[in-house]
Amino acid sequence: MSPSQTTEDPEPLQAIPAGRCLYVPVRSGPLGSAARFFRTALGGRTAVAFTTEQRLVRTLGPAQEWIRLSEPALRALAAPLGITTLRIDPRLSAPAARTPTGPATAPTTPATGAPHYLLIG
0 MSPSQTTEDP
10 EPLQAIPAGR
20 CLYVPVRSGP
30 LGSAARFFRT
40 ALGGRTAVAF
50 TTEQRLVRTL
60 GPAQEWIRLS
70 EPALRALAAP
80 LGITTLRIDP
90 RLSAPAARTP
100 TGPATAPTTP
110 ATGAPHYLLI
120 G
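Residue 0 is where the sequence shown starts when you use numbering that gives the first Met the number 0, and the numbers rise one by one after that.
This is how it looks when you write it as structure tokens:
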């Protein structure tokens, strides 16, 4: 028999390991927390997670809220939005935008005015 024929399906209430827990950046809203999704340098949408809280804080800052999710859970949240890419421990790049008369400023998202970051790595 092949290995797939000899293994039994788990019972419905039996705990199945979901893999390691990752630190996932979230934003708070009126209905609770929502995962933050980012854009790659080429404009594609991607989910982001970190292997440690320290890496998340180093990349996104100490004010960034987070939750712990397994990789399959994060992928399940992203899939209905058409997001299939997951970056683990990415570095963020926010190139300074120069204005003709003022100092360099971080690019912002038009709707919210929040800094707009691109992912690298």
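Virtual Cβ for every residue (Gly too), placed ideally from N, Cα, C.
Remember, predicted model here, so these are calculated numbers, not experimental data.
Closest in alpha carbon position to Thr50, among Ile82, Arg19, Arg35, Ala77, is Arg19. For Pro71, the uninterrupted alpha helix (DSSP H) run begins and ends at 70-77, by DSSP. Counting every other CB atom within 10 Å of its CB across the protein chains shown gives Pro61 a total below 16, marking it as exposed. The beta carbon of Arg67 sits closer than 8 Å to the beta carbons of Cys20, Leu21, Tyr22, Val23 from its chain, once the five residues preceding and following it are set aside; these are given in chain order. Distance from the CA of Leu59 to the CA of Ser27, rounded to the nearest whole angstrom, comes to 15 Å. In the structure shown, Arg54 adopts helical secondary structure according to DSSP, grouped into three states. Pro24: member of the beta strand (DSSP E) spanning 20-28, first to last residue.
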